[in-house]
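> Note that the protein sequences, when read in sequence, are chains C and Z.
Just so we're aligned: the first sequence equals residues 706 to 783 in my numbering.
Just so we're aligned: the second sequence equals residues 48 to 438 in my numbering.
All C-beta atoms in this analysis are idealised placements derived from N, C-alpha and C, irrespective of residue type, glycine included.
My structure is below; once you've seen it, I'll send some questions.
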Amino acid sequence: MKLEERIIQTLANNLQKKVEIKPESRLVEDLLLDSFDGLMIISALEDEFSVTLNIQDLSEFTTVGDIIEKFRQSRGEE
Amino acid sequence: MYLERFYRRISLDESLVETVGFNPYYPELQSGLEDRILINGRAYINLAANNYLGLAADPRVKQAAAQAVQKYGASLCSTPITTGYTDLCQALERKLAGFLGLEDAILLPSCYQANNGLFRTIVGKEDLVIIDRFAHSSLVQGIMAVGCKVRPFLHNNMEHLEEILKRSGDYRQIFVVTESVFSTDGSIAPCKELADLCRKYDALPVIDDSHGIGVLGRSGKGILEEEEISGYQGIYTASLGKAFANAGGLISGHRNLIRYLRYYCSHLVYSTALPPSVLAGIGAVLDIIEAEFVPLKTKLDAYRKIIFNSLVEGGFDARPGKAPINSIRAGSKEKTWRIAQRLFEKGIIATPFIEPAVAVGEGKVRLIAGANLREDTVREAALILRKVGSR
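Take a look at the structure:
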């Protein structure tokens, strides 16, 4: 599975609200993320990619695409 | 000007009140929880209180409270650890623990304090707390204050919980936290399954049964009886201001836990003890539940169905549930308040929930028809709901 698909799938599996998630989806305005959603997403991404994150990392992201880009960079992908 | 910036920063955002033209919060009551309540001199049907069994204004409960005041006065003016702990309190704690089938219990001034104090006392940074996505603020705030790892699981989703448990190693202790009945929509947690998962993964369950005690189970003993959970080894908390119609918070469970909390839970140790009137009132409610639970619950269930049917007929988005709570899914905070406003104008008080009490855009209006209401009052409320909904 491509990195983008893995991240979107992880988010979809860990959000209470069933909404369409696309790279351009904004976390707060479109996905209506609150602090608990943030905790769920951070933990789920940690599990999926075997990395350590903290909740402050989420404040760096505006869209789902920002998360994908961050992971892409940290994995040394173009 | 002196402190002007500070007071400006904490000024209230009243834009929602201005948009809707109504503020549903802090209505000023001029009566107790009788068949109708008085607000600004007008009588309302009260579908907002958590007075499930309708015992808050029961003459026997009032009398017990009054007699306790005669014997002990209004307050012991002390914390329980000094001279605030009466024979009345000790007897009630033992009676409540026995009622639940647990080893011991303590009473705190509120369940908010009980839940907050519990986690701050027994959880450390080296622990993991896994908590239902929709758990009550008192649980969440207590846990977040500890600074430990917190992992929410999808609401009532035991598969998701197990996935998290499977991946969780290397913690001193894992706690799994839920409410039994989720108060905004009446959904009930699969607590037996949750307790079984905890046993399987060596985790400690914490169940807040605030909306289950005195309501669920064959004889009103709450979620443990409802789900036939025997030999419960976890922690049990509950409010005594709902079906128990008084005030205070209960923590019950293993005797070592309760003994530890008696000395180390700051929320107990540094708080003035519950007043004798409240302790006696809780005791009176317990006696009534033990003698009259079945007819009270039968009435409560019948009222819930009447209200639910009227919501459906009125075109509201309402879902059936086992708990005696009806909930309208309203959507945005504006829509939520407007429904509460329309009901208020027609003589019904309901409880609107908006974020952060519920998820953003998932506002709800809760309706509870307590057993103190007369049947014709509930039918009148149902008629109003049908009319308001179809408008």
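Hey, C/L736 and C/D742: beta-carbon distance below 9 Å or not?
Contact: yes.
> Can a CB atom of chain Z be found closer than 9 Å to the CB of C/Q856?
It is not possible to answer for residue 856 of chain C, since the shown part of chain C is limited to 706 through 783.
> Report the residues of the stretch 194–218 of chain Z with a CB closer than 7 Å to any CB of chain C, ordered along the chain.
Here the close residues are V197, R198, P199, L201, H202 and R214.
> Would you call the stretch 170–177 of chain Z and the stretch 203–221 of chain Z touching, i.e. three or more CB-CB distances under 8 Å?
Result yes; three or more Cβ-Cβ pairs closer than 8 Å.
> Could you check how far apart the C-beta atoms of Z/Y99 and Z/A418 are, in whole angstroms? I think they sit under 8 Å.
Yes, they are in contact, since the Cβ atoms of Z/Y99 and Z/A418 sit about 7 Å apart, within 8 Å.
> The beta strand (DSSP E) with C/G743 in it runs from where to where?
Premise fails: C/G743 lies in the alpha helix (DSSP H), S740 to F754, not in any beta strand (DSSP E).
> In the DSSP assignment, the alpha helix (DSSP H) including Z/Y307 goes from what residue to what residue?
Where Z/Y307 is concerned, the enclosing alpha helix (DSSP H) stretches over R302 to Y311.
> If you draw a straight line from the C-alpha of Z/G145 to the C-alpha of Z/I235, how long is it?
When rounded, the distance between both Cα atoms is 24 Å.
> According to the Cβ coordinates, are Z/L102 and Z/A292 closer than 9 Å?
In contact: Z/L102 and Z/A292 (Cβ atoms closer than 9 Å).
> What would DSSP say about Z/R198, mapped onto helix, strand or coil?
In the structure shown, Z/R198 sits in a strand (DSSP, three-state: E or B).
> Against Z/R180, what residues of chain C qualify as contacts under a CB-to-CB distance less than 9 Å, listed in chain order?
Within 9 Å Cβ-Cβ: Q721, F741, D742 and M745.
> Which residue comes first and which comes last in the alpha helix (DSSP H) that contains Z/A115?
Residues P106 to Y119.
> Can you name the residues of chain Z whose CB is closer than 7 Å to the CB of C/S748?
Simply R198.
> For Z/I276 and Z/G79, I'd like the C-alpha separation in whole angstroms.
Their Cα atoms are separated by approximately 36 Å.
> Given a cut-off of 9 Å, decide if Z/E209 and Z/L244 are closer than it, judged by their beta-carbon atoms.
Yes. Within cutoff.
> Using only the alpha-carbon positions, how far apart do C/V769 and Z/F69 sit?
Whole-angstrom Cα-Cα distance: 37 Å.
> Smallest Cα separation from Z/K289: which of Z/D256, Z/L271 and Z/N203?
Taking only the C-alpha atoms, the option nearest Z/K289 is Z/D256.
> Flag C/D735 as yes if its beta-carbon sits less than 9 Å from any beta-carbon of chain Z, otherwise no.
So, not an interface residue.
> Could you name each continuous alpha helix (DSSP H) segment of 4 residues or more that falls completely within the stretch 180–265 of chain Z, going from the start of the chain to the end?
Runs found: 184–191, 205–213 and 238–247.
> Give me the residue from Z/L201, Z/F391, Z/M191 and Z/A349 with the minimum Cα distance to Z/I372.
Taking only the C-alpha atoms, the option nearest Z/I372 is Z/A349.
> Quick check: is the beta carbon of Z/G408 nearer than 9 Å to any beta carbon in chain C?
Answer yes: the Cβ-Cβ gap between Z/G408 and chain C drops below 9 Å somewhere.
> When DSSP labels each residue in this structure, what does Z/L347 get in the three-state scheme?
It is helical.
> For chain A, is any of its Cβ atoms less than 9 Å away from the one on Z/E173?
Of the protein chains in the structure, C and Z, none is chain A.
> In chain order, what residues of the same chain have a beta carbon less than 8 Å from the beta carbon of Z/Y91, not counting five sequence neighbours either side?
So the list reads R83, I84, L85, F391, G394, I395 and I396, once near-sequence residues are dropped.
> Are the C-beta of Z/E402 and some C-beta of chain C separated by less than 9 Å?
Closer than 9 Å to some Cβ of chain C, the Cβ of Z/E402 qualifies, so yes.
> May I ask you to report which of helix, strand or coil DSSP gives Z/F69?
Coil, per DSSP.
> Of all Cβ atoms in chain Z, is any one closer than 9 Å to the Cβ of C/D752?
C/D752 counts as touching chain Z.
> Could you work out which residue in Z/A95, Z/N97 and Z/E75 is closest to Z/R89 when comparing CA atoms only?
Of the candidates Z/A95, Z/N97 and Z/E75, the one whose C-alpha sits nearest the C-alpha of Z/R89 is Z/E75.
> In terms of residue numbering, what span does the alpha helix (DSSP H) encompassing Z/A387 cover?
Segment K380 to E392, the alpha helix (DSSP H) holding Z/A387.
> Any beta carbon from chain C within less than 9 Å of Z/L224's own beta carbon?
Per the sequence shown, residue 224 of chain Z should be read as Val rather than Leu. Chain C, which has no Cβ nearer than 9 Å to the Cβ of Z/V224, makes this no.
> Can you tell me whether DSSP reads C/R780 as helix, strand or coil?
Correct three-state label for C/R780: coil.
> Could one say the Cβ of Z/V170 lies closer than 9 Å to chain C's Cβ atoms, at least one of them?
No, Z/V170 does not count as interfacial toward chain C.
> Quick one, which of C/R731, C/E753, C/K722 and C/S748 has its alpha-carbon nearest C/E710's?
Measuring from the Cα of C/E710, the nearest candidate turns out to be C/E753.
> Near Z/V425, which residues of its chain fall below 6 Å by C-beta distance, leaving aside the five closest residues on each side in sequence?
Excluding positions up to five away in sequence, the list reads Y350, I353 and A416.
> Could you tell me the boundaries of the alpha helix (DSSP H) in which Z/N162 lies?
Start and end: C158 to I169.
> Rounded to whole angstroms, what's the CA-CA distance from Z/E173 to Z/V224? Just pull it up for me.
Approximately 17 Å between the Cα atoms of the pair.
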